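Taking the numbering used here, the leading residue of the sequence shown gets 1007, the next gets one more, and so forth. We put the beta carbon where it would ideally sit given N, CA and C, even for glycine. Bear in mind the structure is a predicted one, so any value in this text is a computation, not a measurement. Report on one structure; see the data block that follows.
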Amino acid sequence: MVHKYYDLVTSFYEFGWGESFHFASRWKGESLRESIKRHEHFLALQLALKPGMKVLDVGCGIGGPLREIARFSSASITGLNNNEFQISRGMELNRLAGLTKSCEFVKDDFMKMSFSDDTFDAVYAIEATCHAPDVVGCYKEIYRVLKPGQYFALDEWCLTDHYNPNNESHKKVKAEIELGAGLPDIKTNRQCLDALKLVGFEVIWEKDLASDSPIPWYLPLDTSQFSITSFRATAFGRFIVRTMVKILEFARIAPAGSNRVTSFLEKAADALKEGGRMGIFTPIYFFLVRKPLLDH
């Protein structure tokens, strides 16, 4: 399901979000693009990345974060992705950025990686492991390929402590996010924390980075807000995009189904915004964990 989903929506994501398909906390006066870049630098600093380190980006998309982190840290980044379309696009963007020597892509499954044990000096995953059918199995694989004593930084999509599984409106928003984002099941932050501990990680610190963000993470999805950078998310912007896509699809410039994908993504964005507004969902629950020097 996820593979077909990303084939359809990758171009739409890049059009609306740029090369980095993720959210970030945001300061006042900071643009969306600036907040995303700052967050990627934050991850590099948390992992203490240095030149010569071999780093894995789990579920790397088209590689926006890995290129930014490689430029910032001078580390060598391997992006893991199971989608051929995204890898092809990412390789082209690496070439255009002049980063083919420090950035590479590997087509692989993060539930069963082909890497040897203890391969990487650091690992990070940005809003990717939420797609795992088994979060324990996914974290276990990351643990396996990480060298002892080294760190894993994780941004996870989570239900917050405010989520009530008996509240019908909460359940409805959760289901709509899962449908729109192609997710098997959204875990609570506690479930993710327990899974990390279960596979052997030592938890250094954890926090919902959205909890004290001066500007809500979901603001770019709010149709009532207008700015040049978030124009495509506004009601008028959406109307313009839908009209353009209809014309392009009719002229057979855009592939069949493009207009339906546009509508599908709009519904997903509305569900994410509602989950954020209600305080029951966060896409940036951060964990910094360490693989012990002595594997127990």
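Query raised in the report: CA-CA distance, Asp1214 and Gly1070?
Result: Answer to the nearest angstrom: the Cα atoms are 23 Å apart.
Over the uninterrupted alpha helix (DSSP H) stretch that includes Glu1074, give me the two end residues.
From DSSP, the alpha helix (DSSP H) with Glu1074 extends over Gly1070 to Ser1079.
Under a three-way DSSP split, which group does Pro1226 fall into? Helix, per DSSP.
- DSSP three-state call for Ile1132: helix, strand or coil? When DSSP states are grouped into helix, strand and coil, Ile1132 belongs to the strand group.
With distances taken from CA atoms, which of Leu1160, Asp1228 and Asp1115 is nearest Glu1046? Closest in alpha carbon position to Glu1046, among Leu1160, Asp1228 and Asp1115, is Leu1160.
Query raised in the report: Around the C-beta of Val1209, are 16 or more other C-beta atoms found within 10 angstroms, so that it is buried, or is it exposed?
Result: Classification for Val1209: exposed.
**Asked** Is it right to say Arg1095 is buried, meaning 16 or more other beta carbons lie within 10 angstroms of its own, or is it exposed?
**Response** Under the 10 Å beta carbon count, Arg1095 is surrounded by 16 or more other beta carbons and is classified as buried.
Practice problem: Give the range of the beta strand (DSSP E) segment to which Leu1099 is assigned. | Solution: In the DSSP assignment, Leu1099 falls outside any beta strand (DSSP E) and within the unbroken alpha helix (DSSP H) covering Glu1090 to Ala1103.
(message) On the DSSP letters alone, give me the boundaries of the alpha helix (DSSP H) that Phe1048 sits inside.
(response) Secondary structure note for Phe1048: its alpha helix (DSSP H) is the uninterrupted segment Leu1038 to Gln1052.
Subject >> Start-end ranges of the beta strand (DSSP E) lying completely within the region 1149–1215, minimum 3 residues >> reply: 1152–1165 and 1208–1214, all fully within the region 1149–1215.
As assigned by DSSP and simplified to three states, the class of Asp1276: Note: Asp1276 maps to helix in three-state DSSP.
Measure the alpha-carbon distance for Asp1228 versus Thr1084 and round it to whole angstroms.
Asp1228 and Thr1084 have their C-alpha atoms roughly 34 Å apart.
TODO: Ignore the nearest five residues each way along the sequence and tell me which others in Glu1327's own chain have a CB closer than 8 Å to its CB.
DONE: The structure shown does not extend to residue 1327, since the chain is modelled only from 1007 through 1302, so no value can be given for it.
*When you compare only the Cα positions, how much space is there between Leu1165 and Ser1080?*
If you take the alpha carbons of Leu1165 and Ser1080, they lie about 35 Å apart.
Q) If you draw a straight line from the C-alpha of Val1179 to the C-alpha of Ala1274, how long is it? A) Val1179 and Ala1274 have their C-alpha atoms roughly 10 Å apart.
Neighbourhood of Ala1378 by C-beta, 8 Å cutoff - its chain only, sequence neighbours within 5 removed:
The shown model of the chain, from 1007 to 1302, leaves out residue 1378, and the question about it has no answer.
| said: The beta strand (DSSP E) that contains Pro1289, what's its start and end? | reply: Counting along the chain, the unbroken beta strand (DSSP E) around Pro1289 starts and ends at Phe1287 to Arg1296.
Would you call the CB atoms of Val1065 and Tyr1149 closer than 8 Å? The amino acid at residue 1065 is misidentified as Val; the sequence shows Gly. Against a cut-off of 8 Å, the Cβ pair of Tyr1149 and Gly1065 comes out as no contact.
Q.
Taking the beta strand (DSSP E) that Glu1025 belongs to, which residues open and close that run?
A. Segment: none, Glu1025 is in no beta strand (DSSP E) and carries neither H nor E.
What does the alpha-carbon distance come out to for the pair Ala1054 and Tyr1291? Computed Cα separation, rounded: 20 Å.
CB-CB under 8 Å to Pro1154, same chain, minus the five flanking residues each way: which ones, in chain order? Only Asp1124, Lys1297, Pro1298, Leu1299, Leu1300 and Asp1301 meet the Cβ criterion.
Practice prompt. Using the DSSP secondary-structure output, state which residues sit across from Phe1121 in a beta bridge.
Written response: Per DSSP, none; premise fails for Phe1121.
Using the Cα positions of Ser1236 and Ser1122, report the straight-line distance between them to the nearest angstrom.
-> Reliability of the predicted coordinates at Ser1236 is poor, the pLDDT of 45 falling under 50, and the value obtained from them is presented with this limitation in mind. Distance between the alpha carbons of Ser1236 and Ser1122: 42 Å.
Return the CA-CA distance between Pro1226 and Val1112, expressed in angstroms with no decimal places. Answer to the nearest angstrom: the Cα atoms are 31 Å apart.
| How would you label Ser1026, buried or exposed, when you count the other beta carbons within 10 angstroms and need 16 or more for buried? | When all chains shown are included, Ser1026 counts as buried.
| message | Suppose you measure from the CA of Ile1093 to the CA of Leu1086; what does that come to, to the nearest Å? | response | Cα to Cα, the separation comes out at about 9 Å.
| At what residues does the beta strand (DSSP E) containing Phe1111 begin and finish? | For Phe1111, the enclosing beta strand (DSSP E) begins and ends at Cys1109 to Lys1113.
*Would you call the region 1127–1146 and the region 1166–1178 touching, i.e. three or more CB-CB distances under 8 Å?*
In short, these stretches do not touch, since the Cβ pair count stays below three.
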